[in-house]
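Per my numbering: the sequence shown = residues 5 to 301.
To keep things clear, I will list the structure first and then write my remarks on it.
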Amino acid sequence: MSNMIANVPAHIAARIAARQQAGTKSSVASAIVSDNGPSIPRISIRAGRYRLNEEGVETTVGVTLDTIIVGANPRVSKVFYGKAFDASAENVRPDCWSNDGLKPDVTLDAPVHNSCADCPNNVLGSKILPSGAKSKMCADQRHLAVVAAADPTKVYSLTVPVSGMKALREYFKDLGNYNIGPEEVVTELGFDDAASYPKITFKQKGYVPEKAINRVDILLVSDSVKVATRQIAPKDAGPALAAPVGKTAIAAPAVDDAYEEEAPTPVVAATPKSKPTVVPVKASDELAAKLDSLFDE
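Listed below in structure tokens is the structure:
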């Protein structure tokens, strides 16, 4: 490559200089390699398979994925698509979204509304599902930060659509009954076989080994977790985090995260019940071997 650059002829060098001055790139290259700023390593659930995505490279893992959950956005996020979901579509950005569930993202030139609370698309009944159940045009979702056992060197963003949010809450509550934090266990991500669309499930698979728990604690307060959970933009991450200035670009949700459940679960008053029985899970020998290598320098 260095010889290629050194031997650029004058007419090509002139074209390069012209593009640099205009701030443009080759239209042919742009069709394949997009440059929308720093990308966030993320986990996709497209077509019912867990896929690790980074810098445009996708690695399919399978129908389950062993992870450690190291962060969560404390707010319920929102995402709105003006068109129906198209499984064949790629790199489709939402028409409107909010990472904090309060107001549209600052990078949007034409947000649907200036407040999520008053937005007509955020009202139950603004969308009617094929089953006849009431839903919302602007869907709820949760952004998590996870470390995948298959790639323990990176923090990945996982968007949990509304269809998986109930299972996530119940999973965290089950762990909380025994004062166990999600960051202290290995969580197997799976899919609900009874659902007609990719519906995420959560299952305790084991515990984080002692040799890795200190590194997990460091990750909990790291900028990489804040980036993965859409609390700060990649460009804002650093040793000293300054307040965002102007339109800070935080990545929009991907189109394959736009699944929803068939009917919202009604709110029912809780009834007293006995404490659930949870049997501690011991990691399999194969998983234990993977965990022993987590975060090794």
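Even glycine gets a Cβ: it sits at the ideal position worked out from N, Cα and C.
Spatial distance of residue i from residue j (CA atoms)
i	j	result
Glu181	Gln24	The sequence shown places Asn at residue 181, rather than the Glu named in the question. Near 58 Å, if we compare the C-alpha coordinates of Gln24 and Asn181.
Cys120	Arg19	46 Å
Tyr201	Arg219	35 Å
Asp104	Val231	13 Å
Leu106	Val127	14 Å
Ile49	Ser30	32 Å
Gly66	Phe206	15 Å
Asp131	Phe176	The sequence shown places Lys at residue 131, rather than the Asp named in the question. Distance between the alpha carbons of Lys131 and Phe176 is about 29 Å.
Ser139	Lys82	13 Å
Ile72	Val151	5 Å
Lys215	Thr157	15 Å
Thr233	Ala76	6 Å
Thr28	Val166	39 Å
Val96	Ala14	39 Å
Leu223	Ala22	44 Å
Val229	Asp155	15 Å
Ser226	Ile16	44 Å
Val116	Asp221	39 Å
Ala198	Glu174	18 Å
Ala114	Asp99	9 Å
Val32	Ala88	29 Å
Ala26	Gly168	45 Å
Gln235	Val159	14 Å
Close-in-space but distant-in-sequence residues of the same chain around residue i (CB under 7 Å, 5 per side omitted)
i	result
Val164	Gln145, Arg146, Leu148, Leu172 and Ile204
Met141	Phe84, Asn125, Ser130 and Lys131
Contact set for residue i: own chain, Cβ-Cβ below 8 Å, skip 5 residues either direction
i	result
Gly185	Leu179
Ile217	Glu188
Asn118	Lys107 and Pro108
Trp101	Ser81, Lys82, Val83, Phe84, Pro108, Asp109, Leu112, Ala256 and Pro257
Asp122	none
Exposure label - residue i; buried when at least 16 CB within 10 Å
i	result
Ser161	buried
Thr63	exposed
Pro78	exposed
Ala237	buried
Ile44	buried
Asn183	exposed
Asp12	Before going further, note that residue 12 is Val rather than Asp in the sequence given. Exposed: under 16 other Cβ atoms inside 10 Å.
Pro1	Lying outside 5 to 301, the shown extent of the chain, residue 1 is not represented and no answer is given.
Val190	buried
Asp109	buried
Asn57	buried
Ile47	buried
Val212	buried
Val74	buried
Ala143	buried
Gly86	exposed
Strand pairing of residue i, partner residues [DSSP]
i	result
Pro304	Coverage of the chain is limited to positions 5 through 301, which leaves residue 304 absent and any answer about it impossible.
Asp99	None; Asp99 has no bridge partner.
Val12	Looking at the DSSP assignment, Val12 forms no beta bridge with any residue, so it has no partner.
Gln208	Thr191
Tyr54	Gly66
Gly75	Ala149
Phe84	Cys100 and Cys142
Arg23	Looking at the DSSP assignment, Arg23 forms no beta bridge with any residue, so it has no partner.
Arg46	Asn57 and Ser161
Lys131	Ser139
Asp155	Ala152
Contacts around residue i, its chain only, beta-carbon distance under 6 Å, and the 5 residues preceding and following it disregarded
i	result
Gly129	Lys138
Glu192	Thr68, Asp70, Lys207 and Lys209
Arg55	Ser48, Glu62 and Thr64
Any non-hydrogen atom of the ligand NAP closer than 7 Å to residue i Cβ
i	result
Arg46	In the structure shown, the ligand NAP is absent, as is every other ligand, since no ligand is present at all.
Distance between beta carbons of residue j and residue i, contact taken as under 8 Å
i	j	result
Val60	Phe195	This sequence places Gly at residue 60; Val is not what is there. Actually they are not in contact, since the Cβ atoms of Gly60 and Phe195 sit about 25 Å apart, beyond 8 Å.
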